[in-house]
Amino acid sequence: MSADLAVQMEGVRSRRPLVHHITNYVTVNDCANICICAWGSPVMTDAEDDVRDMTPVANAVVLNMGTLNPRTVEAMVLAGKVAKKNGVPVVFDPVGAGATPYRNEVAARIISEVGPDVIKGNAGEISFLAGFQGLVRGVDSAGSSEDMATLVLELSKKFGCIVAATGTIDYVADGKDAYVLCNGHSMQGFVSGTGCMLSSVVGTYVGANGVVVDAVVAAISAFNIAAEKAAEGCDGPGSFKVALFDSLFKLRPEDLVSAKVSKA
Amino acid sequence: MSADLAVQMEGVRSRRPLVHHITNYVTVNDCANICICAWGSPVMTDAEDDVRDMTPVANAVVLNMGTLNPRTVEAMVLAGKVAKKNGVPVVFDPVGAGATPYRNEVAARIISEVGPDVIKGNAGEISFLAGFQGLVRGVDSAGSSEDMATLVLELSKKFGCIVAATGTIDYVADGKDAYVLCNGHSMQGFVSGTGCMLSSVVGTYVGANGVVVDAVVAAISAFNIAAEKAAEGCDGPGSFKVALFDSLFKLRPEDLVSAKVSKA
Amino acid sequence: MSADLAVQMEGVRSRRPLVHHITNYVTVNDCANICICAWGSPVMTDAEDDVRDMTPVANAVVLNMGTLNPRTVEAMVLAGKVAKKNGVPVVFDPVGAGATPYRNEVAARIISEVGPDVIKGNAGEISFLAGFQGLVRGVDSAGSSEDMATLVLELSKKFGCIVAATGTIDYVADGKDAYVLCNGHSMQGFVSGTGCMLSSVVGTYVGANGVVVDAVVAAISAFNIAAEKAAEGCDGPGSFKVALFDSLFKLRPEDLVSAKVSKA
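Residue numbers (the numbering used here), protein chains in the order written: chain A, 1385 to 1648; chain B, 1385 to 1648; chain C, 1385 to 1648.
Here it is as structure tokens:
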């Protein structure tokens, strides 16, 4: 499969997609920079008056509910609707779904009113969406499930979109097949926002290549292989994060030969 | 005292407290990451609908008024009240108190309506709260006072909480005793948000260990010892900040033997 | 000219100006830190009640419209007006001007209602303001023009302020003369917010030295020479950004001998 993934990365590099983010104020800078390092072009804006004109010219929209307030929730719903109307792929990261009723309500609203093309969360969030009450503690936690491959596949069928559940092992499904991805490094768990960053990379890949499962698998694999390389010789979470940007920026399509991807 | 401090650090490592922050948008990412590096689990959310459900399950709440607006001020007051009602410790960082009437008003309101368990500011902010009009220029400045130990002790009695005033020398008092802490490095003054980060570390320590003066002293000592280590071989504020995350992450309880703490 | 520029840097170092920012939530932390590394003192606040009292005591105000919403737009207009009334220089960065009608409207409003002392944007934004419809794609892009020197000069006459258009080559004009600046490194294009950071450095320099073209030229030259040094031995955008802070912090007035500045 690594040849297919390399094609996805080449697509990003040749197209340099414009990725419109409405994301949280905690990790927004990291999302912008990782998007650039993935060879995308980030734009962050959440005023409704701006969204109406920015979203249609984007190649993908990333909606991340890490921090919410009434104004930005409306902006996310608007951006999602405008994107769908204009054929712009929508990636949704339901950060903290399962943690509070408000988050659950917003996640449900975005899923029903927008209909994202890709839903990417950690295992706890995706489990919650699937109706399994995940143990969500904070927003950096992950549940786990031996049945996660089945769960993402079922969820992708139910929602009619690509679903990805991330953790030590990542699972991706597109309504037909489920994939198991085994790259990454434990150091990712010690940096705030690695999940948010990955959503931005996913947005970059579907922005360049369209809503295909290979794009999502390639994005996750590229990010996680970059993390493996960044962990070599790093001295802790601070230097790991710096090296992660460098490492993704330097990753080449041929490096995706290291991708550990299998069908479930 | 270093044995007592080591116990505090061990408490954080074994409990990994969930620390709910309502903080400024300037240094929020650094607060999240330093909380992780202190072995806490950060969550940042400020929508009132979210606060109601997130705050009660947190182990500590950090309210930081670095950037304010009417919406987030209400969220801070609400989070503080919900925390107190649920026995969750509240750490308050009155950033910029003394600089403008609006900041003074918000600080006074949080102190009177919430009743924080720990108030941690720089010397200028704490001096202002004490009624000494500190020379507060910007939010990274510090006043100084030979009487600072007395001042924090008096203030801790008046407010019935732990008070910490940070600067080249740090002072902590709990209504009975005042402590003088002499760790740290001048490079901390060249990175925006080291004070905010320290408040997050204090929140992490009281979240794990309860509202005890040893927890606050241990948090400040750990952060400042980490800063001393980070300054070794750094090349300026950029590399110092990266090393600070690494250094705190790698700090072990036995490293607190370097703590320079004495009773005033 | 490098002797004149060195004088500007010495002015910043001796005066350590307080720079009030109302800027976007994407790169605000980088703006704060680069201001410190340029030897300024940053303060970020956007509540109208706070702006009224903070702006008059600042040495410069930086208004950056990277992210906008109705509340912060009003805060920017207010801060600009208060600054002008109090003789505080205003630097305006019209991020994304040309990209959406909302951004164009806000930029026009700030220019007409505030009357900034310095307008600094990338070539695409400045071209748009000049009535040439720049190809603005995202907010990190730049148009290009052989006539850019003429354009900034004309624009500086029209608006009665200093105008700077940045890119691979930077152009600065003050209504009388136009300057061409040729320092910098391609790596700057791979880090989100280098343009925002530069606006903060410009604010720091005019805050210390007043609204003179030498201050703006010195700020841009210092930042770009620091970037050249940072690029040496960096391993990608992550390590480049870290080194950029270190490098600007360590830059000395005599290093401005490397400035490549000529009259157009």
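Cβ coordinates follow ideal geometry from the N, Cα and C atoms, glycine included. Since the model is a prediction, treat every value here as computed from it, not as a measurement.
V1412(B) reaches chain A at Y1409 and V1410, counting residues in chain order whose Cβ is nearer than 7 Å. The three-state reading of DSSP puts A1599(C) in helix, counting H, G and I together.
Separation of V1585(A) and V1446(A) (C-alpha to C-alpha, rounded to the nearest whole angstrom) is 10 Å. A check of alpha carbon separations from N1453(B) across V1472(B), C1415(B), F1624(B) and E1489(B) identifies E1489(B) as the nearest. Taking 9 Å as the upper bound on Cβ-Cβ separation, chain B lies near residues L1628, F1629, D1630, S1631, L1632, F1633 and K1634 of the segment 1628 to 1643 of chain C. Membership of D1437(A) in any beta strand (DSSP E) is not indicated; the residue belongs instead to the alpha helix (DSSP H) covering E1432 to M1438. A straight-line Cα-Cα distance of about 32 Å links D1437(C) and I1406(A).
From the listed residues S1496(A), V1596(A), I1609(A) and V1590(A), the smallest Cα separation to E1638(A) is found for I1609(A). In the displayed model, L1635(B) falls within coil according to three-state DSSP, outside both helix and strand.
In this structure, the straight-line span from the alpha carbon of C1566(A) to that of K1644(B) is close to 46 Å. Counting along the chain, no alpha helix (DSSP H) covers M1571(C), and no H or E run does either. Look at G1620(B): its C-beta is under 8 Å from a C-beta on chain C. Looking at the backbone, the Cα of A1611(A) and that of V1441(B) are separated by about 32 Å.
With contacts defined as CB atoms closer than 8 Å, F1624(A) and M1571(A) qualify as a contacting pair. When the Cα atoms are used, G1594(C) and I1495(B) turn out to be separated by approximately 40 Å. Distance between A1603(C) and E1538(C), taken at the CA atoms: about 22 Å. Residue range V1412 to C1421 is occupied by the alpha helix (DSSP H) that includes I1418(C). Selection G1395(A), F1512(A), I1418(A) and A1416(A) evaluated against R1487(A) yields F1512(A) as nearest (Cα-Cα). Bounds of the alpha helix (DSSP H) holding Y1589(A) are T1578 to N1593. As DSSP reads the structure, K1647(A) sits in a beta bridge with Y1563(A).
Across the segment 1596 to 1626 of chain B, CB contacts with chain A closer than 7 Å involve V1626, in sequence order along the chain. In the three-state reduction of the DSSP assignment, P1621(B) falls in the helix class. Under the Cβ criterion of 8 Å, A1416(C) is counted among the residues facing chain B. The Cβ atoms of E1497(C) and A1459(C) lie no closer than 8 Å to each other.
Of the candidates K1647(C), L1462(C) and V1641(C), V1641(C) places its Cα closest to the Cα of A1390(C). Only those residues of the segment 1477 to 1510 of chain C whose C-beta falls short of 8 Å from the nearest C-beta of chain A are listed: G1480, A1483, T1484, P1485, Y1486 and R1487. Those residues of the segment 1444 to 1463 of chain B placed with their C-beta closer than 8 Å to a C-beta in chain C are G1450, T1451, L1452, N1453 and P1454, ordered along the chain. For S1425(B), the pairing in a beta bridge is given by DSSP as L1402(B).
Every alpha helix (DSSP H) stretch that sits fully inside the segment 1445 to 1474 of chain B and reaches 4 residues is listed by chain position as 1454 to 1469.
Y1555(B): member of the beta strand (DSSP E) spanning D1554 to A1557, first to last residue.
When rounded, the separation of the alpha-carbon atoms in D1619(C) and P1621(B) is 18 Å. In this structure T1451(A) does not touch D1477(B) by the C-beta definition: roughly 19 Å separates them, more than the 8 Å allowed. Here the alpha carbon of V1601(B) sits roughly 7 Å from the alpha carbon of V1556(B). Against S1576(B), the close residues of chain C are N1413, A1416, N1417, I1420 and P1426, in the order they occur along the chain (beta-carbon pairs closer than 7 Å). In the displayed model, N1443(B) falls within coil according to three-state DSSP, outside both helix and strand. The shortest CA-to-CA distance from D1531(C) to any of A1549(C), F1543(C) and G1544(C) is the one to A1549(C).
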